[in-house]
Each structure stands twice: as C-alpha cells, then as structure tokens.
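Asks: Per our numbering, the sequence shown runs over residues 36 to 161. C-beta atoms are modelled at their ideal positions from N, C-alpha and C, and glycine is treated no differently. In this text the structure is predicted, and so the values were computed from the model without any measurement. The structure that follows is given in the form of structure tokens.
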Amino acid sequence: MRSAVSVVDQYRQLLETSNRMLGLAREQDWEALVQCEAGYLVSLERLRSEDGEWPSSDAEREEKMALLARILEQDAETRRALEARREELSHLIGSSRRQQALGEVYQAGRGSIASRLRSVPPDERP
C-alpha cells in the first residue's frame with residue numbers, strides 16, 4: 036500500500052503528464068499526444084483507486100486540490116485544441132467528399148457526352 040504522500044506525488048506526476056500533453060497539443064503532434072494520453076489514463080485510474088486508501092492531512096488535501104485544479108485547466112486547454120483539430124479534419128473530410136462527388140459527376144458527364152457523340156453521324160458532329 037502507498038502512503039498519502041505518494042498519492043500527492045502521483046498528482047504531481049499526473050500534472051507533469053498533463054503538461055506534456057498540452058505541449059504536444061500546442062505543437063499539433065497528435066500521434067504523440069494520443070500515445071501520451073494512454074499512459075495518462077492508466078495513471079489516472081491508478082490514482083483514483085489509491086487516493087481514498089489513506090487519510091490525508093489538511094495540507095495534503097489542499098495540495099491535491101491545487102494540483103487537481105491545474106490538471107483540469109490544462110485538460111480543458113488540451114481538449115479545446117483537440118476539438119479544433121477535429122473541426123479541421125471534419126472540414127477536410129467534407130471538402131474531400133465534395134471533390135470526389137464532383138469528380139464522379141464529371142466522369143459520368145464525360146461518358147454521356149461521349150456516348151451521345153457516338154450516336155451523332157460523323158458529318159453532324161461539332
């Protein structure tokens with residue numbers, strides 16, 4: 036079992052990971068952010084299970100609350116960056132779909148023009 040001090044240390048480590056994730060979001064290194072997030076979630080789950088095991092002093096509770104407040108602030112900023120990226124990707128996907136549909140219409144139109152030209156006698160073609 037761990038002591039309450041180690042739980043505070045876990046909050047500190049979680050803050051460091053949160054800070055790293057925010058930096059990756061600012062750098063738009065999405066792949067590294069996803070990998071970092073996996074470890075973050077494991078650490079968070081471990082902290083949840085261990086946080087209530089030991090009674091905390093008032094000073095430890097205050098420090099945990101301060102660390103948690105900073106973690107939540109960073110999480111919110113990271114989330115905003117991810118939402119902006121999601122919107123960007125959504126726009127790109129929509130644009131790509133419109134281009135694909137336009138290409139299909141163009142190809143279909145070329146085929147119908149070619150078939151109509153074949154049905155027109157050669158002396159009447161433009």
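Using the rule of at least 16 other Cβ atoms within 10 Å of the residue's Cβ for burial, across every protein chain shown, is valine 42 buried or exposed?
Replies: Within the sequence shown, the letter at position 7 stands for residue 42. So valine 42 ends up on the buried side.
Asks: Can you tell me which of Arg55, Gln134, Gln142 and Leu49 puts its alpha carbon nearest to the alpha carbon of leucine 82?
Replies: Counting from one through the sequence shown, the residue named residue 82 turns up at place 47. The residue with the shortest Cα to Cα distance from leucine 82 is Leu49.
Asks: Got a sec? Which residues, its chain only, sit under 8 Å from tyrosine 46 by beta carbon, not counting five neighbours each side?
Replies: Translated into positions along the sequence shown, residue 46 becomes position 11. For tyrosine 46, where only same-chain residues beyond five positions count, the Cβ hits under 8 Å are Leu82, Glu98, Lys99, Leu102, Leu103 and Ile106.
Asks: Note down, in chain order, each residue of its chain lying with its Cβ closer than 8 Å to the Cβ of glutamine 109, except the 5 sequence neighbours on either side.
Replies: In the sequence shown, residue 109 corresponds to position 74, counting from 1. Hits under 8 Å: Leu50, Ser53, Asn54, Met56 and Leu57.
Asks: Report the CB separation of leucine 59 from alanine 67 in whole angstroms; it is logged as a contact under 8 Å.
Replies: Here residue 59 refers to the residue found at position 24 when the sequence shown is read from its first residue. Here residue 67 refers to the residue found at position 32 when the sequence shown is read from its first residue. The pair is a contact, with the Cβ atoms about 5 Å apart (cut-off 8 Å).
Asks: Look at the alpha carbon of cysteine 71 and the alpha carbon of serine 130, and state the distance between them as a whole number of angstroms.
Replies: In the sequence shown, counting from the first residue as 1, residue 71 sits at position 36. In the sequence shown, counting from the first residue as 1, residue 130 sits at position 95. Computed Cα separation, rounded: 30 Å.
Asks: Can you tell me the Cα-Cα spacing of threonine 113 and leucine 124, whole angstroms?
Replies: Numbered from its first residue, the sequence shown carries residue 113 at position 78. Numbered from its first residue, the sequence shown carries residue 124 at position 89. When rounded, the distance between both Cα atoms is 17 Å.
Asks: What does the alpha-carbon distance come out to for the pair arginine 132 and valine 140?
Replies: If you number the sequence shown from 1, residue 132 lands on position 97. If you number the sequence shown from 1, residue 140 lands on position 105. Spanning the two alpha carbons is a distance of roughly 12 Å.
Asks: What separation, rounded to the nearest whole angstrom, lies between the Cα atoms of tryptophan 65 and tyrosine 75?
Replies: The residue you call residue 65 lines up with position 30 of the sequence shown. The residue you call residue 75 lines up with position 40 of the sequence shown. So the two alpha carbons sit approximately 15 Å from each other.
Asks: Have a look at serine 92 and aspartate 44 and give me their C-alpha separation to the nearest angstrom.
Replies: Along the sequence shown, one-based indexing puts residue 92 at 57. Along the sequence shown, one-based indexing puts residue 44 at 9. Straight-line Cα distance between these residues: approximately 14 Å.
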